[in-house]
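According to my numbering, the sequence shown is numbered sequentially starting from 12.
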Amino acid sequence: MSLSFDKPKLRQAFSDASATYDSVAQLQRTVGQALLNVADTDYLSGTLLDLGCGTGFLTCELLALSGYRSIIALDIAMPMLHTTQRKLLDNDQVQYVCADAEALPLDAQSIDHVFSNLALQWCNHLDTAFNELRRVLKPAGQLAFSTFGTSTLQELKAAWATVDDYRHVNDFYHQHDIRCFLQQAGFVDINLSSTTYLPRYASVTALMRELKSIGAHNVLASRNKQLTTKRAMQNMIAAYQLACANEPIDTPIMATFEVITVTAKR
């Protein structure tokens, strides 16, 4: 299985979101903290890689730990790296690298621990990314990451499906595919768990606005290239609200985010 993200559009989406990301990224922070809770952080050493560092939440959390020598903050969008760098005031323990997870400009066996919070779902070829990560990890090095699963935004997908046959919502990898790709790359001691988050939103428009603010709107290469009409948008919103009509709560809608958390060793 492979996905078909438009990488230039993806890079631009996250570049544009660098100024608004922190204001709406509560879920990302929650998931990042949960990732650190399940990862083996008691015996850190050498060089850590924060893959897809975004605005630096996980980088800052890693800096608060002990035992390591340096941290590499890597992201596909340069403005995200600039935001992280401004937060850390040129901390001399952090190096900044702008690169794609599927083509890491790092030496073989140069990294002791890789952490990645909600970033690897943007890879077109997850098997390629895992091969790259195993290449740069030292023997017995640790990989710990979180990523979105296939149930993510299922309500939004279903609502759009009542309007037309275009793909308006990004696809994500299944847990089975993630395990298979890790095994094929040569990782061992693989542990996967799935957690469902159900945040509430004041409206469908508020949900879509938040997705855009974190750079997570539709960047599929096969997306509808035509402008979505006002009527199509209204019909989608109506379908979404109708599906949530039986919710016994005051807040009109909820959205599903399936988060898969993974630890593995090289």
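Think of the CB as a built atom: it goes at the ideal place given N, C-alpha and C, for glycine as much as any other residue. The model shown is predicted, which means the values in this text are computed figures rather than measured ones.
Thinking C-alpha only, which one of the options is nearest residue i?
{"i": "Gln104", "options": "Leu69, Tyr184, Ile82, Arg97", "result": "Ile82"}
{"i": "Ala112", "options": "Cys64, Ala75, Gly78", "result": "Cys64"}
{"i": "Thr239", "options": "Thr163, Leu46, Arg178", "result": "Arg178"}
{"i": "Tyr54", "options": "Tyr79, Gln106, Ala36, Gly226", "result": "Tyr79"}
{"i": "Thr1", "options": "Ala28, Ile189, Leu47", "result": "The structure shown does not extend to residue 1, since the chain is modelled only from 12 through 277, so no value can be given for it."}
{"i": "Thr163", "options": "Tyr184, Arg146, Phe156, Arg145", "result": "Tyr184"}
{"i": "Ala114", "options": "Cys134, Phe25, Ala24", "result": "Cys134"}
Would you identify the three-state DSSP class for residue i, choosing helix, strand or coil?
{"i": "Leu92", "result": "helix"}
{"i": "Cys255", "result": "coil"}
{"i": "Asp51", "result": "coil"}
{"i": "Ile264", "result": "strand"}
{"i": "Ile248", "result": "helix"}
{"i": "Asn135", "result": "coil"}
{"i": "Phe198", "result": "coil"}
{"i": "Ala24", "result": "helix"}
Counting C-beta neighbours from all protein chains within 10 Å, is the total for residue i 16 or more, i.e. buried, or is it exposed?
{"i": "Ser34", "result": "exposed"}
{"i": "Gln132", "result": "buried"}
{"i": "Tyr251", "result": "buried"}
{"i": "Leu21", "result": "buried"}
{"i": "Gln39", "result": "buried"}
{"i": "Gln153", "result": "buried"}
{"i": "Thr216", "result": "exposed"}
Which same chain residues end up closer than 6 Å to residue i when comparing Cβ atoms and leaving out the 5 residues on each side of it in sequence?
{"i": "Phe141", "result": "Phe192, Leu193, Ala196"}
{"i": "Leu167", "result": "Val180"}
{"i": "Thr206", "result": "Val270"}
If you drop the 5 nearest sequence neighbours on each side, which residues of the same chain put their C-beta closer than 7 Å to that of residue i?
{"i": "Trp171", "result": "His179, Val180, Met247"}
{"i": "Gly67", "result": "Ala84, Thr94, Thr95, Lys98, Leu99"}
{"i": "Ser204", "result": "Thr272"}
{"i": "Ser233", "result": "For Ser233, the predicted model reports a pLDDT of 48, less than 50, meaning its position is unreliable; a value from the coordinates is still stated below. Result list for Ser233: Ser15, Arg178, in chain order."}
Leaving out five residues on either side along the sequence, give the residues of the same chain with a beta carbon under 8 Å from the beta carbon of residue i.
{"i": "Ala254", "result": "Glu166, Ala169, Ala170"}
{"i": "Asp51", "result": "Gln153, Ala155, Thr274"}
- Query: Should the segment 60-80 be regarded as contacting the segment 113-129, the criterion being three or more beta carbon pairs within less than 8 Å?
  - Reply: yes
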